Amino acid sequence: MIDIDSIRDQFEQHYGIHPRLMVRAPGRVNLIGEHTDYNDGFVFPAAIDRATYVAARPRDDNLVHIVALDLQEQDEFALDAPIERSAAHPWSNYIRGVAKGLLIAGHHLGGANLLITSDVPRGSGLSSSAALEVATGYAFQLLNRLNILGEELALLAQGAENTFVGVQCGIMDQFISALGRQDHALLLDCRDLSYRPVPLPAHTQIVVCDSHMERSLAGSAYNQRRQECGEAVRILKQWYPKITALRDVTIDQFHEHEADLPEPVRARARHVITENDRAERSAVALEAGDVAAFGKLMNESHISLRDDYEVSIPEMDTLVAAAQSVPGCYGSRLTGAGFGGCTVSLVEQSAVERFKAAVAAAYRDATGRATTIYVCRASDGVGRAIPQ
Ligand code: GLA
Numbered sequence: 000m001i002d003i004d005s006i007r008d009q010f011e012q013h014y015g016i017h018p019r020l021m022v023r024a025p026g027r028v029n030l031i032g033e034h035t036d037y038n039d040g041f042v043f044p045a046a047i048d049r050a051t052y053v054a055a056r057p058r059d060d061n062l063v064h065i066v067a068l069d070l071q072e073q074d075e076f077a078l079d080a081p082i083e084r085s086a087a088h089p090w091s092n093y094i095r096g097v098a099k100g101l102l103i104a105g106h107h108l109g110g111a112n113l114l115i116t117s118d119v120p121r122g123s124g125l126s127s128s129a130a131l132e133v134a135t136g137y138a139f140q141l142l143n144r145l146n147i148l149g150e151e152l153a154l155l156a157q158g159a160e161n162t163f164v165g166v167q168c169g170i171m172d173q174f175i176s177a178l179g180r181q182d183h184a185l186l187l188d189c190r191d192l193s194y195r196p197v198p199l200p201a202h203t204q205i206v207v208c209d210s211h212m213e214r215s216l217a218g219s220a221y222n223q224r225r226q227e228c229g230e231a232v233r234i235l236k237q238w239y240p241k242i243t244a245l246r247d248v249t250i251d252q253f254h255e256h257e258a259d260l261p262e263p264v265r266a267r268a269r270h271v272i273t274e275n276d277r278a279e280r281s282a283v284a285l286e287a288g289d290v291a292a293f294g295k296l297m298n299e300s301h302i303s304l305r306d307d308y309e310v311s312i313p314e315m316d317t318l319v320a321a322a323q324s325v326p327g328c329y330g331s332r333l334t335g336a337g338f339g340g341c342t343v344s345l346v347e348q349s350a351v352e353r354f355k356a357a358v359a360a361a362y363r364d365a366t367g368r369a370t371t372i373y374v375c376r377a378s379d380g381v382g383r384a385i386p387q
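Under numbering that gives the first Met the number 0, the first residue of the sequence shown is numbered 0, with each subsequent residue one higher.
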């Protein structure tokens, strides 16, 4: 857990003076609606109670100096020269990308001293990079009084990742890091960015299990899946000329023409179209207090991701099966891009300890590996770490 006083002390040690402000932006877990955001569809994520913290103070020159506390590394770049990618400090590209995005949008930025630390596990699929981008953007906006908030901040952060870091991610992670709400998940329409907060059932907990499998394939396979979805739209347009994304195709329309799609495009489209439907129905189920129906949709989502979208791996299937067999677990599925990373389960509060023991043992028996289990509370999106 992060200790705010120790961040202030570390800042003082590095810069000889206390920070002017401190912000936090959370990581996220997606409950359902996977690989739908870049198809203009629905996602249902929650921000988690683990976050990236940025302590900051303006400088009177045009330099941005960054201390990455957890990595024990430092970097510096100038705002009045072209901002380039850093090969020596890849983590710095998230910050450079956000600064560059703000400058391109015509904002004036003054120099700053930053110190960054995080308790979002890195590379586990809990959106540590989105948390870093959103926290940095928020710190810049406060330091420079830019008034870039909410949706605009999320889009800026996504733009930094798409154009500067080079990952063609959708909007989900940055959006929920910016706009998450305590004890709620958000049903987000990724086409127009309208959303609906849905309270999470008070008697349950969100439990995240880390497979500790490297998400090495994630980048290339992710972009390949995006292309396959684009190909499905291109073919289906012959019969449905008005569609611009898989979001526009109903399940009935898909069945009408699925035989016209080659594999694996057909299976990819089937996942996205049915997953969109599941995401919308999930929010309705939770609103009606039907946790069992919600859990069933989570389980169906995993099968679809495993068999149709083919983004699971045996270790994640093992974690999901172990979770689903614990009494008191409503549902379980892989979360995030896949190919490793974490699973998410919704578990009855009184069953959480039993769940942790059973899943850890089953995972160890089947794979010889340890899982790290996080019991998460849905948290608010980006904000000041210390209220002013
Ligand atoms: C990653 C991306 C998101 C989303 C998920 C899959 O987390 O960053 O935009 O596409 O994968 O649902």
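Virtual Cβ for every residue (Gly too), placed ideally from N, Cα, C.
Values in this document were obtained by computation on a predicted structure and should not be read as measured data.
Residue i, buried or exposed, once every other Cβ within 10 Å from all chains shown has been counted against 16
i      : result
Gly26  : buried
Ala67  : buried
His17  : exposed
Thr395 : This structure does not reach residue 395, given that the chain is present from 0 up to 387, and the question cannot be answered.
Glu75  : exposed
Asp96  : It should be pointed out that residue 96 corresponds to Gly in this sequence rather than to Asp. By the 10 Å Cβ count, Gly96 comes out buried.
His270 : buried
Ala55  : buried
Asp79  : exposed
Trp238 : exposed
Thr249 : exposed
Range covered by the beta strand (DSSP E) that runs through residue i
i      : result
Tyr373 : Thr371 to Cys375
Val343 : Cys341 to Glu347
Leu152 : Element bounds for Leu152: not the beta strand (DSSP E) but the alpha helix (DSSP H), Gly149 to Gly158.
Gly330 : Cys328 to Leu333
Phe76  : Glu72 to Ala77
Tyr52  : Pro44 to Pro57
Val197 : Tyr194 to Pro198
Ile272 : Where Ile272 is concerned, there is no enclosing beta strand (DSSP E), although the alpha helix (DSSP H) it sits in stretches over Val264 to Glu286.
Met21  : Leu20 to Asn29
Val66  : Leu62 to Ala67
Distance cut-off 7 Å: residue i Cβ against heavy atoms of ligand 1
i      : result
Asn29  : yes
His34  : yes
Asp172 : yes
Ala46  : no
Tyr194 : no
Gly335 : yes
Gly169 : yes
Identity of the residue in the options nearest residue i by Cα
i      : options                           : result
Gly179 : Arg58, Gly158, Ala130 and Ile385  : Ala130
Gly218 : Ala159, Leu199, Ala336 and Phe253 : Ala336
Val63  : Pro261, Asn92, Asp36 and Glu286   : Asn92
Ile205 : Pro18, Pro261, Ile372 and Arg23   : Ile372
Ala77  : Ala111, Ser210 and Leu68          : Ala111
Ile175 : Gly165, Asp188 and Leu296         : Asp188
Asn275 : Asp39, Tyr14 and Asn143           : Asp39
Glu72  : Ala80, Val271 and Leu113          : Leu113
Glu150 : Val264, Ala87 and Ser193          : Ser193
Gln173 : Val164, Gly158, Ser123 and Thr162 : Gly158
Arg265 : Asp289, Ser331 and Asp306         : Asp306
Val133 : Val207, His202 and Ala46          : Ala46
Glu33  : Glu255, Leu186 and Glu230         : Leu186
Leu333 : Ala322, Gly327 and Pro326         : Ala322
Continuous alpha helix (DSSP H) stretch holding residue i: start and end
i      : result
Asp316 : Pro313 to Gln323
Val358 : Val351 to Thr366
Gln92  : The amino acid at residue 92 is misidentified as Gln; the sequence shows Asn. Looking at the DSSP string, the run of the alpha helix (DSSP H) that includes Asn92 is Ser91 to Ile103.
Gln12  : Ile3 to Tyr14
Any non-hydrogen atom of ligand 3 within 7 Å of residue i CB
i     : result
Tyr37 : Ligands displayed in this structure: ligand 1; ligand 3 is not among them.
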